[in-house]
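Count along the sequence shown from 1, add 176, and you get the number used in the numbering used here.
A virtual CB, placed ideally from N, CA and C, is assigned to each residue, including glycine.
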Amino acid sequence: MEKNPLAIYDIGNTLYEFAILNNSKSFNLALSGRYYIRSSGEKIDRLKYVPEYKKLFEYEEEGMWVLLDLRPLKKAIYNGKIKVEDKKFKDLVLKYDSVLLKTLTSATEDIRDYKK
């Protein structure tokens, strides 16, 4: 199992490999957004933590959810039609099929308090 860009284990690659084993397909969707508000009210800019998302965040519009299909870009990279110098960005594109960019959201409660 691999870690996602936030250093959290996710099952996307495992599902991809499982689909190959079963002669099937998978679709990996990343959910992201540049800004969010912690339950404390603090506004966080995720670009500080995941700079490889910078090129994707350019498509984010305030108050809008945006779905970016990365498959054509992934195909162009594999076919050598596009060269991507930024290794982290290239890894991001090759790892996911699409990215859903969410609008500014705020926490209803701190996830660390889930045991309460």
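Measuring straight from C-alpha to C-alpha, what distance separates residue i and residue j?
i, j, result
"D262", "L197", "31 Å"
"F265", "S202", "21 Å"
"Y290", "E193", "Bear in mind that a pLDDT of 46 at Y290, under 50, signals an unreliable position, so the model cannot answer this."
"I220", "S274", "23 Å"
"T279", "V269", "21 Å"
"L277", "K230", "12 Å"
"L249", "T190", "22 Å"
"E236", "G209", "8 Å"
"Y225", "N199", "36 Å"
"A252", "L244", "15 Å"
"I187", "Y212", "24 Å"
Would you mind reading off the limits of the beta strand (DSSP E) that contains residue i?
i, result
"L276", "S274 to L277"
Just checking my contact of residue i with residue j at CB under 8 Å: how many whole Å lie between their CB atoms?
i, j, result
"N204", "Y272", "5 Å"
In the DSSP assignment, what are the bridge partners of residue i?
i, result
"T281", "Y212"
Whole beta strand (DSSP E) elements within the region 199-267, 3-residue minimum: If we require 3 residues or more, the beta strand (DSSP E) runs fully inside the region 199-267 come out as 205-208, 211-213, 219-221 and 242-245.
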